[in-house]
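J.:
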Amino acid sequence: RKEVEQDPGPFNVPEGATVAFNCTYSNSASQSFFWYRQDCRKEPKLLMSVYSSGNEDGRFTAQLNRASQYISLLIRDSKLSDSATYLCVVMRGSGNTGKLIFGQGTTLQVKP
Amino acid sequence: EAQVTQNPRYLITVTGKKLTVTCSQNMNHEYMSWYRQDPGLGLRQIYYSMNVEVTDKGDVPEGYKVSRKEKRNFPLILESPSPNQTSLYFCASSLSAPTYGYTFGSGTRLTVV
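The listed protein sequences derive, respectively, from chains A and B. 1 is the number of the first residue of the first sequence in this note's numbering; add one for each residue after it. 1 is the number of the first residue of the second sequence in this note's numbering; add one for each residue after it.
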């Protein structure tokens, strides 16, 4: 079983739609969680950290469910520019000896 | 501009010919790391460095070497490349630990024939 699992998609949605991605992780001791965005095999870029209480950044909302060991990303009012691959990332360990473990990514295509 | 610079962007080489992929950051970051990205496998960590002269293996270190003689530079060395090292490579840096978020370089697409 992979340490971080995501549905690869693709998710094809019309502009303006709301879309949600889930990600599960296997290490219950994981403490830090993130979503990164990657465009067309370019470098990944940090989208947002995921906090226990949930957090929102504009149209993006991230949630963490420690009991079920999953993380979600909700995108409201999808734009064409949201088309990308979204990487779920979990930190194994902590501090500067911690390692970021990346999921394979979920691909989103927003259509006009 | 704050950035991580990798060179070259594209490289085709032959089996066994030593090569170095350079990585440099201008943000005074302590933590640097190398990843490879392959279809179906995602990003996997090769090596990381917590500071100058401090390096450690990631999850897939076989066939790779690194050095950290200066804070800003973290080159990746393939002493004897093989076709299974054909991949997309990313260098990344972070302020002091991965929890602060990575800044990635633009990537190096390596093909070993």
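Just so it is clear, CB atoms sit at the ideal spot from N, CA and C, and this is done for glycine as well.
Unbroken beta strand (DSSP E) runs of length 3 or more, entirely within the region 22–101 of chain B: which are they?
T.: 31–38, 42–51, 54–57, 76–78 and 87–94
J.: Report all residues from its chain with a CB closer than 7 Å to the CB of residue 77(A); omit the five preceding and five following residues, and keep chain order.
T.: 16 and 59
J.: Using a Cβ-Cβ cut-off of less than 7 Å, list which residues of the region 84–102 of chain B approach chain A; keep chain order.
T.: 88, 90, 96, 97, 98, 99, 101 and 102
J.: Using a Cβ-Cβ cutoff of less than 6 Å, which residues in the same chain neighbour residue 94(A) once the five nearest sequence positions on both sides are dropped?
T.: Taken in chain order, the residues that qualify are 31.
J.: To the nearest angstrom, how far is the alpha carbon of residue 26(B) from that of residue 4(B)?
T.: Going by the C-alpha atoms only, they are around 7 Å apart.
J.: Please work out which residues of its chain come closer than 8 Å, Cβ to Cβ, to residue 38(B), disregarding the five sequence neighbours upstream and downstream, and give them in chain order.
T.: Beyond the five residues adjoining it in sequence on each side, residue 38(B) comes within less than 8 Å, by CB distance, of 44, 87 and 88 in the same chain, given in chain order.
J.: Assuming residue 36(A) contacts residue 74(A) under a Cβ cut-off of 8 Å, what Cβ separation, rounded to an integer in Å, is found between them?
T.: Between residue 74(A) and residue 36(A) the Cβ distance is about 16 Å, and since that is not below 8 Å, they are no contact.
J.: Along chain B, in chain order, which residues have C-beta atoms closer than 7 Å to that of residue 32(A)?
T.: 99
J.: Have a look at residue 65(B) and residue 1(A) and give me their C-alpha separation to the nearest angstrom.
T.: 28 Å
J.: Report all residues from its chain with a CB closer than 8 Å to the CB of residue 55(B); omit the five preceding and five following residues, and keep chain order.
T.: 47, 48, 49, 66, 67 and 68
J.: Quick one: grab the DSSP three-state call for residue 72(A).
T.: strand
J.: Look up residue 14(A) in the DSSP assignment and give the residues it is bridged to.
T.: 111(A)
J.: Between residue 110(A) and residue 101(A), which are expected to be in contact by the criterion C-beta below 8 Å, what is the C-beta distance as a whole number of angstroms?
T.: Incorrect: roughly 27 Å between the Cβ atoms, too far for contact.
J.: What's the C-alpha gap between residue 62(B) and residue 12(B)?
T.: 20 Å
J.: List the endpoints of the continuous beta strand (DSSP E) containing residue 6(A).
T.: 4–6
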